[in-house]
Amino acid sequence: MTPDPKLPIEVQECILVQLHDDYETLKACSMVCRAWSWATRTQLFRRIELRNRCNCVLFLSLLEESSRAGTGVSNLVRELQLPRLGFPNRGARLDRRLELLRSITRRLPMVEVLRVENYRIDALLYCLWSEDEGFNMQGAILSILSFPNLKTLQFSYMETESVTELLEFLGAFPTVSTLHLHHISTRGGSIALDRAAIQAFVTGRQQGPISIQELSGNDFLLSREQFSEITALMAHPFELALKRLEWTNQGTSSWMPCALLLQNMVHGARVTLEHLLLDFSP
Numbered sequence: 001m002t003p004d005p006k007l008p009i010e011v012q013e014c015i016l017v018q019l020h021d022d023y024e025t026l027k028a029c030s031m032v033c034r035a036w037s038w039a040t041r042t043q044l045f046r047r048i049e050l051r052n053r054c055n056c057v058l059f060l061s062l063l064e065e066s067s068r069a070g071t072g073v074s075n076l077v078r079e080l081q082l083p084r085l086g087f088p089n090r091g092a093r094l095d096r097r098l099e100l101l102r103s104i105t106r107r108l109p110m111v112e113v114l115r116v117e118n119y120r121i122d123a124l125l126y127c128l129w130s131e132d133e134g135f136n137m138q139g140a141i142l143s144i145l146s147f148p149n150l151k152t153l154q155f156s157y158m159e160t161e162s163v164t165e166l167l168e169f170l171g172a173f174p175t176v177s178t179l180h181l182h183h184i185s186t187r188g189g190s191i192a193l194d195r196a197a198i199q200a201f202v203t204g205r206q207q208g209p210i211s212i213q214e215l216s217g218n219d220f221l222l223s224r225e226q227f228s229e230i231t232a233l234m235a236h237p238f239e240l241a242l243k244r245l246e247w248t249n250q251g252t253s254s255w256m257p258c259a260l261l262l263q264n265m266v267h268g269a270r271v272t273l274e275h276l277l278l279d280f281s282p
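Its first residue numbered 1, the sequence shown is counted upward by one per residue in UniProt numbering.
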């Protein structure tokens with residue numbers, strides 16, 4: 001079947017783009033004609049949510065089949081949500097799960113947005129840690145999650161031991177310029193941030209500072225003890241060159257540390273800031 005010749009294909013593609021969140025309709029449209037297949041595939045595979053190990057296995061099979069068929073699905077993925085995999089401490093099961101992640105991410109070179117939701121970052125960092133001389137945590141993360149074009153990192157609905165875990169993870173992606181911290185709580189632990197290791201990693205990749213231009217925080221429960229940890233974003237090897245800042249918080253206990261943090265952020269961005277949204281209901 002061919003599309004309506006009275007309507008330019010560019011207009012038809014614009015209409016198909018409007019269906020970006022209607023996957024069933026997109027699937028149906030993809031079967032109508034060859035002229036629509038590219039536009040529909042672009043929307044169908046733009047955002048991928050990997051919920052569990054089963055999702056990962058099925059998606060990897062699809063990527064492998066796409067590679068053999070030459071359909072280019074892997075280059076269409078722009079947003080990826082990491083799966084909530086359990087990480088055994090050591091052993092064959094851990095190796096298999098890490099290899100599963102690695103096999104998927106190395107096939108997705110065009111990912112720009114990485115969503116880390118309900119994820120055990122502390123477990124992942126623990127499993128990757130090594131006492132070998134010259135070990136670098138950011139390099140270890142990159143060996144599993146390689147995204148050379150990553151621009152946005154979203155942390156959502158997470159409980160971490162320390163804010164440091166988020167910064168260690170962020171340090172593995174020097175190209176990130178947008179950071180979201182939504183519904184984050186910490187258990188009050190304190191882990192020293194290895195700035196030197198992150199700087200060595202960034203320098204080795206011939207990158208400048210990890211410059212954050214957009215930052216949003218939503219119900220980020222920051223304790224007084226961990227105030228100094230999140231302020232690490234304002235010191236080398238990180239750099240806050242904020243053009244956009246959005247911060248909301250409904251809790252009372254974390255109001256004062258957030259107020260001090262935001263005061264420093266706004267002051268530091270007094271030349272670059274273009275958009276500011278603050279919403280507190282203590």
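C-beta atoms are modelled at their ideal positions from N, C-alpha and C, and glycine is treated no differently.
{"Check": "Go ahead and label Pro109 buried or exposed: buried means 16 or more other beta carbons lie within 10 angstroms of its beta carbon, across all protein chains shown.", "Outcome": "exposed"}
{"Check": "If you count every other CB in all the chains shown that lies within 10 Å of the CB of Leu240, and 16 or more means buried, which is it?", "Outcome": "buried"}
{"Check": "For His180 versus Gln138, is the C-beta distance shorter than 7 Å?", "Outcome": "no"}
{"Check": "CA-CA distance, Val271 and Asn55?", "Outcome": "45 Å"}
{"Check": "Looking at the structure shown, is Ser216 part of a helix, part of a strand, or coil, going by DSSP?", "Outcome": "strand"}
{"Check": "I'd like the list of long-range same chain contacts for Arg97, defined as Cβ closer than 6 Å, with 5 residues on each side in sequence excluded.", "Outcome": "Leu85"}
{"Check": "Do you know whose CA, among Arg187, Ile144 and Leu193, lies nearest Glu159's CA?", "Outcome": "Arg187"}
{"Check": "Can you find the residues in the same chain that come closer than 6 Å, C-beta to C-beta, to Gly171, ignoring five residues on each side of it along the sequence?", "Outcome": "Gln138 and Ile198"}
{"Check": "DSSP three-state label for Arg97, please.", "Outcome": "helix"}
{"Check": "Let me make sure I understand the geometry here. Which of Glu131, Arg107 and Ser156 has the alpha-carbon closest to that of Leu145?", "Outcome": "Arg107"}
{"Check": "Output the boundary residues of the beta strand (DSSP E) element that contains Thr203.", "Outcome": "Element bounds for Thr203: not the beta strand (DSSP E) but the alpha helix (DSSP H), Arg195 to Gly204."}
{"Check": "Between which two residues does the beta strand (DSSP E) holding Tyr157 run?", "Outcome": "Thr152 to Thr160"}
{"Check": "Distance, Cα to Cα, His267 vs Phe147?", "Outcome": "32 Å"}
{"Check": "Between Glu133 and Ala196, what straight-line distance do the alpha-carbon atoms span, to the nearest angstrom?", "Outcome": "15 Å"}
{"Check": "Here's a check: name, in chain order, each residue in its chain whose Cβ is nearer than 8 Å to the Cβ of Ser67, leaving out the five neighbours to either side.", "Outcome": "Ser74 and Arg107"}
{"Check": "With burial defined as no fewer than 16 other Cβ atoms inside 10 Å of the residue's Cβ, what is the status of Phe135: buried or exposed?", "Outcome": "exposed"}
{"Check": "Taking the DSSP output, what are the residues bridged to Phe238?", "Outcome": "Ile210"}
{"Check": "Using beta carbons (cut-off 7 Å, strictly below), is Leu125 in contact with chain D?", "Outcome": "No chain D is present in this structure, which holds just one protein chain."}
{"Check": "Out of curiosity, what's the CA-to-CA distance linking Glu131 and Leu150?", "Outcome": "29 Å"}
{"Check": "Helix, strand or coil: how does DSSP classify Arg53 here?", "Outcome": "helix"}
{"Check": "Closer than 6 Å by C-beta to Leu128: which residues in its own chain qualify, once you throw out the five before and the five after it? Chain order, please.", "Outcome": "Ala140"}
{"Check": "Would you please state the rounded distance, in angstroms, between the beta carbons of Leu114 and Leu80? I believe it to be under 8 Å.", "Outcome": "6 Å"}
{"Check": "Only counting the same chain, and skipping five residues up and downstream in sequence, which positions put a Cβ closer than 7 Å to that of Thr42?", "Outcome": "Leu76"}
{"Check": "Could you give the residue range of the beta strand (DSSP E) that holds Val113?", "Outcome": "Val113 to Glu117"}
{"Check": "Where does Asn75 fall in DSSP's three states?", "Outcome": "helix"}
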